[in-house]
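Chemist:
Numbering (the working numbering), first residue to last: 2 to 254.
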């Protein structure tokens, strides 16, 4: 083992030992950013970057299991990503399909899709449906796979679903406008029934949400990490948890 690796392991253990497990976030959202830039920096292809990023996911979930996290939302493919050139998009979609299959067959995670299925290729839709059926009742961390996901689209879909539901019950638009509550819309989100994310992590140094969980993250804490996603280490994860634990969440009070 190299000296640098030994020092890193000792430092990671020190951070973990000092972590306050009573203040660990229950739901973490992760924007897995920087796969292509990591690949360029290492002389690889975009596909190799996406593959390296996919392989990092199981590591992350293992770290989450060790620290009592209950829900993890992984943004794997945005609605904006769907406009990428076909020669890049198709390999990426294939990697995502393999990743979702692996998560479902692992036996430790519950898998739930968040996003708009209709925007995705038929094969991808089938993979996501089968993953939910296979791992939807597993007694483990709930893993939301955000594929074909956009925050504005989610809110639009939620409002559309709410209107359709109330119309089917015979409610008028005027009555709905008078009685509408925040909870009504929350009940029609892709993540209905789940706790909102306590912590949102974004890698690669970008400091914006880019539309990730716009509704649910109203009171979330954000942690922006400089490293590209494939290079994300356990110590980076532990630092995010340590930073979160040190914050005073006042919720506007």
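All C-beta atoms in this analysis are idealised placements derived from N, C-alpha and C, irrespective of residue type, glycine included.
#1: Buried or exposed: residue 183, going by 16 or more other Cβ atoms within 10 Å of its Cβ?
#2: Do residue 33 and residue 54 have their C-beta atoms closer together than 8 Å?
#3: Per the DSSP calculation, residue 265 is bridged to which residue(s)?
#4: Excluding sequence positions up to five away, which residues of its chain have a Cβ less than 7 Å from the Cβ of residue 147?
#5: What first and last residue would you give for the beta strand (DSSP E) that runs through residue 213?
#6: Throw me the rounded Cβ distance for the residue 246 and residue 20 pair, which I believe falls under 8 Å.
#7: Quick one: measure Cβ to Cβ for residue 64 and residue 230, integer angstroms, because I've assumed they're closer than 8 Å.
#8: For residue 139, does the three-state DSSP call read helix, strand or coil?
#9: Under 8 Å, with one C-beta from each stretch per pair, do the stretch 166–175 and the stretch 127–143 reach the 3-pair mark?
#10: Applying the 10 Å Cβ sphere with the 16-neighbour rule, what's the burial state of residue 199?
#11: Report back the beta-carbon spacing between residue 112 and residue 104 to the nearest angstrom; my notes put them in contact at under 8 Å.
#12: In angstroms, rounded to a whole number, what distance separates the CA positions of residue 134 and residue 145?
#13: Can you tell me where the alpha helix (DSSP H) with residue 28 in it begins and where it stops?
#14: Are residue 155 and residue 190 touching if we call contact CB-CB under 8 Å?
Modeler: Walking through what the data contain:
#1: exposed
#2: Less than 8 Å separates the beta-carbon of residue 33 from that of residue 54.
#3: No information on residue 265 is available, as it lies outside the stretch 2 to 254 that the chain covers here.
#4: In chain order, 74, 75, 76, 77, 115 and 116 place their CB closer than 7 Å to the CB of residue 147, counting only its own chain and leaving out the 5 sequence neighbours on each side.
#5: Taken as a continuous stretch (DSSP letters only), residue 213 belongs to no beta strand (DSSP E), as it is neither H nor E.
#6: 7 Å
#7: The Cβ separation is near 14 Å, so there is no contact.
#8: Secondary structure of residue 139 (DSSP, three-state): coil.
#9: no
#10: Label assigned to residue 199: buried.
#11: 5 Å
#12: CA-to-CA, the gap between residue 134 and residue 145 works out to about 14 Å.
#13: Looking at the DSSP string, residue 28 is not in any alpha helix (DSSP H); the run it does join, the beta strand (DSSP E), is 28–32.
#14: yes
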